[in-house]
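This report refers to the structure that appears directly beneath it.
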Amino acid sequence: MMSQVVFRRLLSALVLVIVASVACFSIVAVFPGNVARVIAEMRSATVSDEIVKQIEVQYGLKDPVPLRYLRWAGRAVRGDLGESLRTGEPVAKDLVKRAPPTVILILGGGTFTLVMGMGLAFLGALFPGSFVDRLIHVLSLIGASAPKFFIAALLIYGFGVAARLLPTYGFAGPASWILPCISIGIIPGSILSRVARVALGEEMSRQYVVTAISKGLARRRILVHDALPNALPVTINAFAMHFAFMVQAALVIEPIFAWQGIAAYFVEAVRFRDYQVLQSCLLVFCVFFILVNLSVDLISMALDPKQTRKRLA
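The numbering of the sequence shown is this note's numbering, which starts it at 277 and goes up by one.
Structure representation (structure tokens):
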């Protein structure tokens with residue numbers, strides 16, 4: 277039974293990757309303007325019609341769009357994402373070189389999100405209706421409403437400029453990771469804390485909890501051993517959604533802290549209209565999003581067998 281659901285989910289993920297690749301290629305293919313002329317202008321200050329025609333032939337820009345897509349997708353499957361129009365370097369090589377800052381930013385931000393969200397939710401559920409619970413509620417709303425760049429600016433000023441405790445510029449070791457990871461994790465952590473708090477509150481109001489309390493069990497023990505496992509599926513789904521969207525947040529955070537990651541690479545490609553890099557980065561972002569959701573679906577089904585039966589129904 278479980279194997280059938282996993283197979284269906286893997287198949288749907290593969291279909292989504294194909295659809296995403298078509299969308300990534302199409303978005304860039306329909307950009308206004310003459311791509312060949314843009315490439316020629318990057319290579320030389322003087323551009324003639326003859327040079328533009330040579331570039332069109334070199335890149336197959338006059339071929340039908342479906343043929344161009346199949347050619348691009350076939351190379352992408354083999355790991356060949358073409359060359360940057362601006363630098364002439366292989367895009368795949370640049371992506372590998374720029375991957376560590378982005379991977380650290382997303383993993384660090386995800387860890388901070390999980391620790392902050394679950395910690396605040398557990399603390400609020402441990403003292404329901406108290407001043408601590410209400411304070412956490414207010415702080416979570418403020419954290420979820422603040423713009424990413426504003427949070428990053430406050431952290432830079434507070435910990436970098438005023439206190440001079442942490443570096444605020446460049447990717448230079450673990451100390452330089454702290455502020456970017458906190459900046460990218462505060463908003464999803466605030467939202468996760470509210471989702472987890474509501475889920476824990478609902479579980480603590482159920483009959484089995486009332487029975488456990490009447491037996492004299494401590495509220496903390498009930499939260500950890502009974503309520504938390506039942507609230508995990510909802511919490512994991514909420515966390516995964518925000519974790520996947522951290523790629524979008526990285527587009528803001530990486531340039532602020534001068535990190536040369538994949539997100540900053542994408543921003544540079546937009547600025548210089550580097551179509552090969554745009555297509556490749558969009559594809560990487562989409563595949564990451566799909567893989568995160570696939571992983572969460574499989575984890576949720578393992579934690580809650582009822583979901584497996586629903587998918588087979």
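Don't be surprised by glycine CBs; every beta carbon is placed ideally from N, CA and C.
As the structure is a prediction and not an experimental result, all values here were calculated from the model.
Spatial distance of F435 from L455 (CA atoms): F435 and L455: Cα-Cα distance of roughly 8 Å.
For E365, does the three-state DSSP call read helix, strand or coil? E365: coil per DSSP, three-state reduction.
Can you grab the Cα-Cα spacing for the pair L499 / P450, in whole Å? The straight-line gap from Cα to Cα measures roughly 34 Å.
Outcome for S302 when other beta-carbon atoms lying within 10 angstroms are tallied against a minimum of 16: Classification of S302: exposed, given that the 10 Å Cβ count is below 16.
Does the beta-carbon of Y433 have 16 or more other beta-carbons within 10 angstroms, so that it is buried, or is it exposed? By the neighbour-count rule (16 or more Cβ atoms within 10 Å), Y433 is not buried but exposed.
Please classify A316: is it buried, with 16 or more other beta-carbons within 10 angstroms of its beta-carbon, or exposed? Buried, since its Cβ has 16 or more Cβ neighbours within 10 Å.
Whole alpha helix (DSSP H) elements within the stretch 426 to 482, 4-residue minimum: Listed in chain order, they are 454 to 480.
Spatial distance of S279 from N569 (CA atoms): Taking the straight line from one Cα to the other gives about 18 Å.
Short Cβ contact (7 Å threshold) for A397 with A472: Yes, these two residues count as a Cβ contact at 7 Å.
Any beta-carbon of chain C closer than 7 Å to the one on F565? The structure shown has no chain C; it contains just one protein chain.
What are the start and end residues of the alpha helix (DSSP H) that includes E530? Residues M522 to I532.
Spatial neighbours of S469 within its chain, please: CB distance less than 6 Å, with the 5 preceding and 5 following residues excluded, ordered by chain position. Closer than 6 Å at Cβ, skipping near neighbours: G393, L396, A397 and S416.
According to DSSP, what are the bridge partners of E326? Answer is none; E326 lacks a bridge partner.
Neighbourhood of N513 by C-beta, 8 Å cutoff - its chain only, sequence neighbours within 5 removed: Apart from the 5 residues on each side of it in sequence, N513 sits with its Cβ closer than 8 Å to the Cβ of V572 and S576 in its chain, given in chain order.
Can you find the residues in the same chain that come closer than 6 Å, C-beta to C-beta, to W535, ignoring five residues on each side of it along the sequence? Answer for W535: P377 and F447, listed in chain order.
Alpha-carbon spacing of Y445 relative to D356, whole angstroms: Each residue's alpha carbon lies about 32 Å from the other.
For the stretch 291 to 306 and the stretch 339 to 346, state whether three or more C-beta atom pairs, one from each stretch, are separated by less than 8 Å. Yes, the stretch 291 to 306 is in contact with the stretch 339 to 346.
So F548 is in the alpha helix (DSSP H); what residue range does that whole segment cover? I538 to F548 is the span of the alpha helix (DSSP H), which, as asked, contains F548.
E478 classed as buried or exposed, judged by whether at least 16 other C-beta atoms fall within 10 angstroms: That one is exposed.
What residues match up with E359 in a beta bridge as DSSP calls it? DSSP output for E359 lists P366 as bridge partner(s).
Euclidean distance between Cα positions of L287 and I566: L287 and I566: Cα-Cα distance of roughly 12 Å.
Relative to the C-alpha of V353, which candidate in V333, V293, G336 and I327 has its C-alpha closest? With distances taken between CA atoms, V353 lies nearest to V293 out of V333, V293, G336 and I327.
Residue closest to L527, alpha-carbon to alpha-carbon, out of V367, L381, D550 and L504: It is L381.
Quick check: the stretch 490 to 509 against the stretch 417 to 425, are there 3 or more CB pairs under 8 Å? Too few Cβ pairs lie closer than 8 Å, so no.
Quick one: residues in its chain with C-beta nearer than 7 Å to the C-beta of V323, no 5 flanking neighbours on either side, listed in chain order? Hits under 7 Å: R313, A316 and E317.
Would you grab the beta carbon distance between S459 and L431 for me? Rounded to a whole angstrom, and I think it's under 8 Å. In this structure S459 touches L431 by the C-beta definition: roughly 6 Å separates them, less than 8 Å.
So, helix, strand or coil for W348, using DSSP? Look at W348 here: in three-state DSSP terms it is helix.
Should L476 and A520 be called a contact, given that it needs their Cβ atoms to be closer than 7 Å? Contact: no.
Cβ distance (whole Å) where D502 is taken to contact V486 below 8 Å: Contact annotation, D502 with V486: C-beta distance approximately 11 Å; criterion of less than 8 Å not satisfied.
Collapsed DSSP secondary structure at A299 in the structure displayed: For A299, the three-state secondary structure derived from DSSP is helix.
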